[in-house]
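In this note's numbering, the protein residues as written are 476 to 773.
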């Protein structure tokens with residue numbers, strides 16, 4: 476039988492720090508955010524140029540800045556309200572403060588931990604729409620463009636979770652399991668971060684990119700993304716270790732992530748139907764206008 480020890484021990488080779496700038500540590504997860512934003516920017520810009528959408532560079536720069544702000548604010552607030560509201564209601568300063576006070580040690584820098592994908596998604600949409608309005612960009616078309624690129628950027632985020640050793644999976648006896656030091660045990664666990672990176676990132680991008688070439692789907696990237704991500708994440712959640720303070724105590728034993736994914740899927744279906752009907756109405760209106768045009772005088 477093949478020896479998978481080298482694979483099992485991969486997470487033990489990372490400590491979460493990519494490099495040290497003097498006394499300041501640069502964490503992998505922070506770098507992954509930069510890679511994610513840069514990747515999405517390039518995909519949006521190249522797609523815009525290829526299809527002649529007409530977005531100018533200064534418009535895109537401003538729009539992306541709004542989206543980044545929305546992701547960071549939304550991801551943090553989403554974690555606070557979706558996952559641990561009782562704790563942050565008693566310690567509200569921890570929402571924004573990277574320092575913790577100890578009577579013996581005084582103030583120590585611990586960073587800000589706890590970000591929610593679903594919160595970041597909501598923040599990106601809300602702030603993104605504000606950015607579109609300010610830059611006079613068509614809302615639905617720009618949303619479709621952004622969510623076509625989103626899965627590739629998301630892949631970097633899950634790789635950041637992996638090298639950071641967080642959001643690991645449930646215990647497994649499978650040889651593909653890995654040892655995660657942050658689990659504080661010596662049991663193999665599913666590398667659920669890699670499952671998410673592959674399915675919710677790379678594969679989902681491939682599906683959306685393929686569907687974007689079909690007239691029926693090219694204006695449906697946002698609803699298709701919501702349905703696709705929600706479906707992949709729902710099933711991968713069975714392999715992912717839930718938050719200790721939440722467990723799987725939502726409706727019918729679902730994790731909080733699964734509950735939010737069900738809402739995503741429903742929202743995607745509703746938006747898909749809405750856009751499909753809107754497109755049919757627009758086509759009917761165009762045809763009626765063409766018919767009502769007076770015939771040219773010969």
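We put the beta carbon where it would ideally sit given N, CA and C, even for glycine.
Asked                                                                                                                                     : Found
Cutoff 7 angstroms; reference residue 635; Cβ partners in own chain excluding five residues on either side                                : 503, 504 and 507
Residues near residue 552 by beta carbon distance below 7 angstroms, same chain, minus five either side                                   : 594
Endpoints, beta strand (DSSP E) assigned at residue 492                                                                                   : 492-496
Residue 514 vs residue 627 beta-carbon contact at 7 angstroms                                                                             : yes
Reference residue 661, options 667, 672, 647 and 669, closest by Cα                                                                       : 647
Contact between the region 604-624 and the region 532-539 (3+ Cβ pairs under 8 angstroms)                                                 : yes
Buried/exposed call for residue 689, threshold 16 Cβ in 10 Å                                                                              : exposed
Beta-carbon gap between residue 622 and residue 696 smaller than 7 angstroms                                                              : yes
Every unbroken beta strand (DSSP E) within the region 479-527, with a cutoff of 3 residues, ordered by chain                              : 492-496 and 499-502
Cα-Cα separation, residue 591 to residue 664                                                                                              : 22 angstroms
Beta-carbon contacts of residue 666 that lie in its chain and below 6 angstroms, excluding the five residues immediately before and after : 653
Residue 744 to residue 700 span [Cα, whole Å]                                                                                             : 10 angstroms
The region 595-609 / the region 476-483 touching (three or more Cβ pairs under 8 angstroms)                                               : no
Nearest neighbour of residue 712, chosen from 477, 727, 732 and 726 [CA to CA]                                                            : 732
First through last residue of the alpha helix (DSSP H) which encompasses residue 570                                                      : Unbroken run through residue 570: none, as it is neither H nor E.
Close Cβ partners of residue 520 (< 7 angstroms) along its chain, the five nearest in sequence each way excluded                          : 535
Beta-carbon spacing of residue 542, residue 632 below 7 angstroms                                                                         : no
Cα-Cα separation, residue 562 to residue 670                                                                                              : 30 angstroms
Local conformation of residue 644 per DSSP, three classes                                                                                 : strand
Cα-Cα separation, residue 565 to residue 575                                                                                              : 14 angstroms
Exposure of residue 571, with buried meaning 16 or more beta-carbon neighbours within 10 Å                                                : exposed
CB-CB length for residue 738 against residue 558, believed under 8 angstroms                                                              : With 8 angstroms as the limit, residue 738 and residue 558 do not qualify as a contact, their Cβ atoms being about 15 angstroms apart.
Terminal residues of the alpha helix (DSSP H) in which residue 677 lies                                                                   : Looking at the DSSP string, residue 677 is not in any alpha helix (DSSP H), and its letter there is neither H nor E.
Heavy atom of the ligand COA within 6 angstroms of residue 532 beta-carbon                                                                : As far as ligands go, the structure on display features none, and thus does not contain the ligand COA.
Separation of residue 742 from residue 499, as counted between CA atoms                                                                   : 42 angstroms
Range covered by the alpha helix (DSSP H) that runs through residue 696                                                                   : 696-711
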